Every structure is written in C-alpha cells, then in structure tokens.
Amino acid sequence: MREGTRHRYSLRILGVFGALFVAYLLVAHFVLEPMGYYGTLDQPRFADPWIARAETILSGGLLYRDVFTTTPPLINFLLIPPALLSGLLGHRNPWATLSFMAYFSLFNLFAAYALLYAAKEREEGYRHALYFLLNPLTFGNSLLRRQDESILVFFFALALLFFLHEEHWRASVAVGLTLLVKLSGALMIPIAFLRTRNWRYLIIPAVVFGLVFAPFLLAAGESAIFWDVSRERTQHPFQFHGVSLGALWSRAHEGRPPIGLTAYSAILIVGVAVVLALIVWKPRGRLEDLTLLTTAVLLLSPKLHCGYFSLLALMMAPLLQKYRITWAYFLFGLLALIADIYKWPVENFSVAFWLMVGVFALLVWAMVRLRRPRGEEAPA
2 MREGTRHRYS
12 LRILGVFGAL
22 FVAYLLVAHF
32 VLEPMGYYGT
42 LDQPRFADPW
52 IARAETILSG
62 GLLYRDVFTT
72 TPPLINFLLI
82 PPALLSGLLG
92 HRNPWATLSF
102 MAYFSLFNLF
112 AAYALLYAAK
122 EREEGYRHAL
132 YFLLNPLTFG
142 NSLLRRQDES
152 ILVFFFALAL
162 LFFLHEEHWR
172 ASVAVGLTLL
182 VKLSGALMIP
192 IAFLRTRNWR
202 YLIIPAVVFG
212 LVFAPFLLAA
222 GESAIFWDVS
232 RERTQHPFQF
242 HGVSLGALWS
252 RAHEGRPPIG
262 LTAYSAILIV
272 GVAVVLALIV
282 WKPRGRLEDL
292 TLLTTAVLLL
302 SPKLHCGYFS
312 LLALMMAPLL
322 QKYRITWAYF
332 LFGLLALIAD
342 IYKWPVENFS
352 VAFWLMVGVF
362 ALLVWAMVRL
372 RRPRGEEAPA
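Just so you know, we're using our numbering here: the sequence shown kicks off at 2 and counts up by one.
Next up, the structure:
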C-alpha cells in the first residue's frame, strides 16, 4: 500500500508539473515574447554563452582555457543536452528557446520529487512539492526567465534529502556536487556541520570539488580562477549586479550606489556573521537555520540574481504551514519575478527597486516568524 501511495503522489506531481509548464509557456508566448525577451527568429537571446561552452566541450576544447566561463565545471557539462538539441534544430526560435525552457524546468520536477521523499510522510512531502512547484519563482525562473538556477536548486534538494534523512556521507558528497554547479552550494556546509558536528561536511565537499576541478586548474591555469574577487562578472558576491537593492538603486540613479561597494560588502560579511552567531547561540531547526542563513546572504549581497530566490522557495516549502507564512511565500516569489522583469526588458529600475524592497520586507517578516514561532518548538 505504501508503494502504491508513493506512486500515486508521484503521478500527481507529474500532472501538476505538466499543467504548470503549459500555463507558464502561454505566459511566455503572450507576454514576454512580444517584448523581445527571447530574441528574434534567427537570433535567440541567451543571457549566458551556454551554446559556445557546450560546442567547445563537444569539439574537444577545454573549459576556461578555450572558452570563457565564470561558473564551476559541472554546470557547463550539464548544459550540453539543451545546447545540443538547440543545435540540431538550427539554433532558431522557438525551438532554441524551448530546448532550454524544457530542460531547466525538468529540474523543477526532480526537486519536487526530492521534497516528496524528504518528508517522513508521503502526504506531507506531496504538499511540500506542490508548494514549491506553485511558487511563481519556480517556473518563472526556469521557463519565463529561462535561467539555469533550477539545476542548482535540484542539487541542493538532493543534498537536503540526504541531510534530513541523516545519510551524512551521501549528503556531503551531494554538497560537493552542488559546489560544482554553483559556489553558493557552500551555504549548506556551516548549517550541516553545526547541526551534526560531523566532520564529513567540512572535508568531503571540498575533496569532491577539488578532485573534479584540479584537472581544469592544471590545464587552464589562472583562467580557471572563476571566483577572483578582484574582478567583476565572476563567482563572488562583492560587486553591484542583478536585483540587489544596491544594484537597482545604482541603475535608477545614474550609476550612483546608495553606499560604497566596500561598505556594502562589509555589511554582508558582518550581517552573515551575526546570523551565524545567532544560529549557534539559539538554533531552531535544520531547515529553519538554513533558510535564515540563505535569506541573510541573499538580502545583504551587492550581487543578486533573481533565480537564487528559488533556493528559498525550496527550503521554505516544508515550513509554510507550521509557521503560517504561506501568503508571504507566494507573494515574495511573485514580487521578485516581477522586479526582475522591470529590471529587464522594461528597464524601469525605480519600480524594480521598490518591488525588491517589498521582497526584503516579506522575507524579514518570515524570518522573524521562524525565530519566534507560535506553538510547538522546532525539532532539532
């Protein structure tokens, strides 16, 4: 009976996924496509040079040395399937864009299944999966915005699945794989270690990352250092970019940020340190603490891509009913998505800024709820 129930919930999730995929595809066609968001018939628009990287790999070239990229190795290899399909279809719209939309959205389905199996009860896991799929950011990011953060979210979900089931070897390896997708996968390391005091979380992710990355570093040398904080457009948060409050304020005021980058970066470092100290002093629960830390990093960072909020859509889904934050969960996702559209293609940075202020306020309110819950205390 348990196996039949699991199968039934899996099919329901698949059905919801399919319905949402079609619904968001219609929004893309009738709203964003007329605005030129996806380029023209002969020149599809992609925010990152995914196709160039995939073609370099398939032709025997080397990442970092033969093609420029500021991302870890694994994500570039995972982008080969949609780039290859796009090439087989002539790199023309709508098929080029649809190839990436469908591929990125599949990782939403995989993450939803991870939530299903992470919960102790399948009915509870099914509810968490639905919350995640229904958050506007989930398909808004993978399909409307056609961005690759859904891959990161899936690997994060995989690590969470093992972590919550206390399979620490598997969880630590999964965290290492997450680092090979985006360095933001490191967010899970301090919480996992603080909650378990298990040395694996400090060592194994670094070993997994190092073993995979070492050949690229040896072959490409300095070109492979994609986290260099002295350069912009690399994998570090110390730069004004994206939908952060500092970046949007700067774009709305002729390039003048509200405060200097050094001060903004100091606020990020000090703020995250304070949050970590609070978690050490008064932990609430594994998901609660991870959500608080991730929220602090995202809200205080000078560089912020809208898609990274999808991590919060994943982490918060199991917490909604307990802390009564469901309305804030869906509203913050909607506002963040609209803010990103106002950033581009609308290019009204003032409106985007105030929408992100709303996102900031909603998430701060939700984090206060996580720290001061009503009713039963969060489990360890």
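Every residue, glycine too, gets a C-beta built ideally from N, C-alpha and C.
Here the structure is a predicted model, which is why all the values come from computation and not from measurement.
| Asked | Found |
| --- | --- |
| Minimum C-alpha distance to residue 15 - residue among 112, 93 and 62 | 112 |
| Three-pair Cβ contact test at 8 Å for the stretch 161 to 172 versus the stretch 198 to 212 | yes |
| Pairwise C-alpha distance: residue 130 and residue 110 | 9 Å |
| DSSP bridge partner residues for residue 45 (one or two, in chain order) | 40 |
| Terminal residues of the alpha helix (DSSP H) in which residue 260 lies | Looking at the DSSP string, residue 260 is not in any alpha helix (DSSP H), and its letter there is neither H nor E. |
| Alpha carbon of residue 288 to alpha carbon of residue 161, nearest angstrom | 9 Å |
| Cβ neighbours of residue 68 in the same chain (closer than 7 Å, five flanking residues each side left out) | 53, 54, 57 and 62 |
| Simplified DSSP state of residue 166, which is helix, strand or coil | coil |
| Between the CA atoms of residue 219 and residue 333 - distance to the nearest angstrom | 43 Å |
| Terminal residues of the alpha helix (DSSP H) in which residue 223 lies | Residue 223 -> no alpha helix (DSSP H), and no H or E assigned at all. |
| Simplified DSSP assignment, three categories, for residue 63 | coil |
| Start-end ranges of the alpha helix (DSSP H) lying completely within the stretch 61 to 127, minimum 4 residues | 74 to 79, 81 to 89 and 96 to 119 |
| Through-space distance from residue 308 to residue 365, alpha-carbon basis | 19 Å |
| Nearest neighbour of residue 29, chosen from 156, 157, 103 and 367 [CA to CA] | 103 |
| Sub-8 Å separation of residue 1 and residue 189 beta-carbons | An answer regarding residue 1 cannot be provided, because it is not within the stretch 2 to 381 covered by the chain. |
| Residue 243 in three-state terms, based on DSSP | strand |
| Coil, strand or helix - residue 144 by DSSP | helix |
| DSSP-derived helix/strand/coil call for residue 181 | coil |
| Counted within 10 angstroms of its Cβ, other Cβ atoms place residue 124 as buried (16 or more) or exposed | exposed |
| Residue 22 beta carbon less than 8 Å from that of residue 140 | yes |
| Separation of residue 175 from residue 378, as counted between CA atoms | Bear in mind that a pLDDT of 45 at residue 378, under 50, signals an unreliable position, so the number given afterwards is only what the model happens to contain. Residue 378 and residue 175: Cα-Cα distance of roughly 29 Å. |
| CB of residue 71 within 8 Å of CB of residue 227, strictly | yes |
| Beta-carbon gap between residue 75 and residue 230 smaller than 8 Å | no |
| C-beta contact flag for residue 368 and residue 294 at 8 Å | no |
| When 339, 80 and 9 are compared against residue 151, the one with the closest alpha-carbon | 80 |
| Alpha carbon of residue 24 to alpha carbon of residue 32, nearest angstrom | 12 Å |
| Interface flag, residue 220 vs chain B, CB-CB below 8 Å | The chain labelled as chain B is not found in the depicted structure, where only one protein chain is given. |
| Residues near residue 114 by beta carbon distance below 8 Å, same chain, minus five either side | 11, 14 and 130 |
| Given residue 349 as reference, the closest of 282, 301 and 253 once Cα atoms are compared | 253 |
| Helix, strand or coil at residue 283 according to DSSP, with G and I counted as helix | coil |
| Residues bridged to residue 305 (per DSSP) | 243 |
| Extent of the continuous alpha helix (DSSP H) run through residue 350 | 350 to 372 |
| Residue of 245, 281, 251 and 302 minimising C-alpha distance to residue 268 | 302 |
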